[in-house]
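As given, the protein sequences belong to chains A and B, one line each in that order.
Quick note, the first sequence lines up with residues 88 to 505 if you use the numbering used here.
Quick note, the second sequence lines up with residues 4 to 163 if you use the numbering used here.
For every residue, glycine included, the Cβ atom is placed at its ideal position computed from N, Cα and C.
Just so you know, these numbers come straight off a predicted model, no measurement behind them.
Here is the structure we will look at, set down as structure tokens.
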Amino acid sequence: MSGAAENWREKELSLREVVAAHPQISPFVIIKIDVQRRGVVFSQAAKDAADPARFAVTMRGIYEEKEDNIPNSLLLNDGTSIVCEPMDPDISVCPRGREPYLVEVRAGRTILTDLDQEVAEVEYWPKPRYFDCRTGSGKPMWQIVNARPQRLGIAMYQFCDFWRDAAQGCKFCAIAATFQKNKKDMLLSEDDVLETLAEALKQPGRLRMIQLCCGSMLGGRNLLDDEVDMYVSLLTRMNALFNTKKVLTQLIATAYTEKQLRRLYDGTILSSYTADVEVLNEKIFNWLCPGKAARIGYQGWKERLFKAVEIFGDNHVNTGIVSGVEFAGPAGFTSEEQALESTLREAEDFLSHGVGVAQTIWQTRANTALRRQLPPSLEYLTRLAGGLDNLQRKYNVNTFFDDYRTCGNHPNTDLSRI
Amino acid sequence: MGIRLSEDLRTALRDPASLKVIAGVNRAGEPHVVFKEAISMDSEGRNLQCLELLETSQTNRNLTHSLWFQRKIAVNVLHPKGRSWQIKGLPVKVHISGPLFEEQYIAVRNRLGPEADLSAVWIIEPLEEKEQTYLVRLREERLHYPLVGHLDRFTRAFQC
Ligand code: SF4
């Protein structure tokens with residue numbers, strides 16, 4: 088596979104060296120970070136092992152859609168999910184700038200390998216039963232609600248209005264390209280979603296959390312009222328599925344005003360709220376997320392999150408960051424030490440106000456504006472995960488609504504398991 | 004490298020009247036020991052299977068810590084007839100979803116009622132087995148350290 092940065096292995100610490108240098112950080116989490124950073128491909132035998140009757144191999148998400156026989160993602164022996172987008176092994180270029188890991192089957196075991204060496208045993212995500220069902224309107228239910236090992240995901244609006252204005256979408260984001268490539272409805276039907284949820288919830292022991300996340304919908308009497316109306320309507324109807332006032336649910340959405348937040352919290356089953364600031368640096372945010380910067384602004388985003396803690400309560404609000412994207416040029420950092428110090432300092436401001444920080448790993452997707460850029464070293468991303476975990480402990484910020492099993496996509500919240 | 008547990012211990016593990024405790028340490032090295040009724044042999048009869056009902060329990064955290072950093076945990080099994088064994092082992096896998104997890108989830112709720120939940124099914128590879136029954140340990144000590152003990156036991160007046 089060509090296209091990898093020249094001699095990248097010689098310029099940075101290897102997985103083994105990073106694990107050895109951080110004996111207090113879970114090696115499973117370090118593996119997860121590196122697989123997400125570099126990507127993963129599957130040998131033919133590993134694909135053949137993905138029995139579609141048992142494992143999840145189809146997915147409709149806002150950033151990715153697939154219907155093939157490649158596993159959606161991986162699980163490690165400690166229950167750590169590696170939310171990855173399997174890449175086609177036949178591609179001739181290396182889209183993440185470094186050679187991906189390879190999943191193989193050896194002696195009946197499915198393993199992750201690098202340079203022909205075993206790195207870890209892996210398992211594929213189990214397929215939930217509802218994936219085989221169709222809605223009354225005839226749609227496959229896996230296209231309506233997506234699933235991780237213990238979480239359901241609903242993306243009501245499959246597009247994002249920031250992409251309606253030229254160059255206003257976030258530069259690392261693949262939502263518009265994914266929407267354009269796949270012929271799908273822009274807005275899901277509430278009836279289809281509720282029918283799918285009811286079917287999914289019939290499987291005992293399968294689910295612990297429902298997440299709602301989609302693109303921004305800017306319209307309405309006030310900015311984002313349409314988006315809030317959409318969620319209030321769906322969440323109010325979801326109420327009928329449960330016998331409690333609140334259910335472990337997470338809304339990942341645009342940063343709302345106090346009035347909008349109160350409508351969601353007071354009137355629905357929603358229990359937690361996330362508004363992704365994406366990068367913990369105002370200057371880079373303005374360049375990376377021009378639509379968010381123009382409509383709400385970095386400081387406005389923060390203030391709305393701080394207000395959300397007053398409404399949703401401690402341990403129920405966080406913000407997501409695309410860790411590594413702070414190096415995207417030309418606006419980004421060029422020094423890993425400076426980036427780490429600055430990012431953790433800003434993270435502390437969020438955490439000291441009760442807002443958790445959920446780290447995701449920047450995956451330089453081929454269909455984004457930043458596809459040719461190189462994410463930072465594994466050492467940097469590992470130190471960031473450890474630093475965020477330390478801050479969470481310092482400020483007693485609990486991550487149960489966005490942890491290794493209620494989400495599975497945040498190395499730093501994985502670390503809070505011990 | 005895992006070991007095969009003795010038949011007597013496997014029988015004790017299968018007996019619902021046996022008491023079982025599990026001990027581990029947290030990341031600061033503080034010990035934590037609890038009774039754990041739901042420790043049994045796994046379906047292949049090689050490893051221990053331990054059901055953890057509470058997601059936020061210290062045992063769950065400690066087992067995760069052990070799996071991450073290869074720190075041994077200890078299990079003790081006390082049979083109602085008085086024999087007891089200590090097993091030292093390593094957690095090698097945790098099921099938090101999938102067919103085995105769901106099967107055990109249903110079984111737990113059938114057994115303990117609708118309030119019960121299941122957090123995880125831990126698989127622990129046994130590395131060492133040692134019988135801890137008092138008379139067995141006594142015989143062992145007498146054999147290896149015949150002179151250790153209070154001297155009155157060794158006087159002419161001592162009637163054994
Ligand atoms: S707000 Fe930014 S990251 Fe989110 S969907 Fe829109 S463009 Fe993508």
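C-alpha distance - residue i paired with residue j, whole-angstrom precision
i, j, result
"residue 263 of chain A", "residue 458 of chain A", "15 angstroms"
"residue 150 of chain B", "residue 86 of chain B", "26 angstroms"
"residue 17 of chain B", "residue 95 of chain A", "54 angstroms"
"residue 120 of chain B", "residue 233 of chain A", "24 angstroms"
"residue 102 of chain A", "residue 473 of chain A", "16 angstroms"
"residue 102 of chain B", "residue 128 of chain B", "20 angstroms"
"residue 139 of chain B", "residue 7 of chain B", "20 angstroms"
"residue 200 of chain A", "residue 152 of chain A", "25 angstroms"
"residue 58 of chain A", "residue 134 of chain A", "Any question about residue 58 of chain A goes unanswered here, given that chain A covers just 88 to 505."
"residue 84 of chain B", "residue 76 of chain B", "25 angstroms"
"residue 479 of chain A", "residue 500 of chain A", "9 angstroms"
"residue 113 of chain A", "residue 96 of chain B", "14 angstroms"
"residue 119 of chain A", "residue 196 of chain A", "19 angstroms"
"residue 44 of chain B", "residue 294 of chain A", "27 angstroms"
"residue 5 of chain B", "residue 202 of chain A", "28 angstroms"
"residue 301 of chain A", "residue 361 of chain A", "12 angstroms"
"residue 179 of chain A", "residue 115 of chain A", "Residue confidence for residue 179 of chain A is low, a pLDDT of 49 falling below 50, so the modelled location carries little weight; the figure read from the coordinates is stated next. Each residue's alpha carbon lies about 29 angstroms from the other."
"residue 46 of chain B", "residue 53 of chain B", "12 angstroms"
"residue 424 of chain A", "residue 497 of chain A", "21 angstroms"
"residue 20 of chain B", "residue 14 of chain B", "11 angstroms"
"residue 126 of chain B", "residue 36 of chain B", "18 angstroms"
"residue 171 of chain A", "residue 493 of chain A", "16 angstroms"
"residue 299 of chain A", "residue 349 of chain A", "17 angstroms"
Close-in-space but distant-in-sequence residues of the same chain around residue i (CB under 6 angstroms, 5 per side omitted)
i, result
"residue 297 of chain A", "239 and 336"
"residue 409 of chain A", "259, 365, 447 and 449"
"residue 415 of chain A", "457 and 460"
"residue 393 of chain A", "440"
Heavy atom of ligand 1 within 7 angstroms of residue i beta-carbon
i, result
"residue 250 of chain A", "yes"
"residue 303 of chain A", "yes"
"residue 271 of chain A", "no"
"residue 379 of chain A", "yes"
"residue 48 of chain B", "no"
"residue 448 of chain A", "no"
"residue 256 of chain A", "yes"
"residue 171 of chain A", "no"
"residue 260 of chain A", "yes"
"residue 247 of chain A", "yes"
"residue 376 of chain A", "yes"
Residue i - containing beta strand (DSSP E), residue span
i, result
"residue 88 of chain B", "87-98"
"residue 379 of chain A", "Note, residue 379 of chain A: premise wrong, no beta strand (DSSP E); alpha helix (DSSP H) at 377-382."
"residue 129 of chain B", "123-134"
"residue 145 of chain A", "145-147"
"residue 193 of chain A", "188-193"
"residue 106 of chain B", "That residue, residue 106 of chain B, is in no beta strand (DSSP E); its alpha helix (DSSP H) goes 102-115."
"residue 297 of chain A", "296-300"
"residue 405 of chain A", "404-410"
"residue 359 of chain A", "359-361"
Spatial neighbours of residue i in its chain, beta-carbon cut-off 7 angstroms, leaving aside the 5 residues before and after
i, result
"residue 105 of chain A", "117, 465, 466 and 469"
"residue 159 of chain A", "143, 144, 146 and 212"
"residue 150 of chain A", "261, 262 and 265"
"residue 139 of chain A", "156"
"residue 435 of chain A", "478"
Unbroken alpha helix (DSSP H) run spanning residue i, endpoints
i, result
"residue 345 of chain A", "345-354"
"residue 114 of chain A", "114-125"
"residue 520 of chain A", "Since the first residue shown for chain A is 88 and the last is 505, residue 520 of chain A is missing from the structure and cannot be characterised."
"residue 474 of chain A", "465-481"
"residue 457 of chain A", "No alpha helix (DSSP H) holds residue 457 of chain A; DSSP gives it neither H nor E."
"residue 147 of chain B", "137-147"
Same chain only: Cβ atoms within 8 angstroms of residue i, ignoring 5 sequence neighbours per side
i, result
"residue 358 of chain A", "333, 334, 335, 336, 337, 399, 403 and 488"
"residue 427 of chain A", "467, 470, 471 and 474"
Query raised in the report: Is there contact here, the stretch 353-373 of chain A with the stretch 381-401 of chain A, by at least three beta-carbon pairs under 8 angstroms?
Result: yes
Query - Any 3 or more C-beta pairs closer than 8 angstroms across the stretch 132-147 of chain B and the stretch 100-118 of chain B - result: no
Query raised in the report: Is there contact between the stretch 186-198 of chain A and the stretch 142-149 of chain A, where contact requires at least three CB pairs shorter than 8 angstroms?
Result: no
Query - At least 3 beta-carbon pairs within less than 8 angstroms: the stretch 55-68 of chain B vs the stretch 28-42 of chain B - result: yes
Query raised in the report: Counting Cβ pairs, one atom from each stretch, are 3 or more of them under 8 angstroms apart for the stretch 273-288 of chain A and the stretch 247-254 of chain A?
Result: no
Requested in this report: Would you be able to state if there are at least three C-beta pairs under 8 angstroms between the stretch 250-257 of chain A and the stretch 370-387 of chain A?
Outcome: yes
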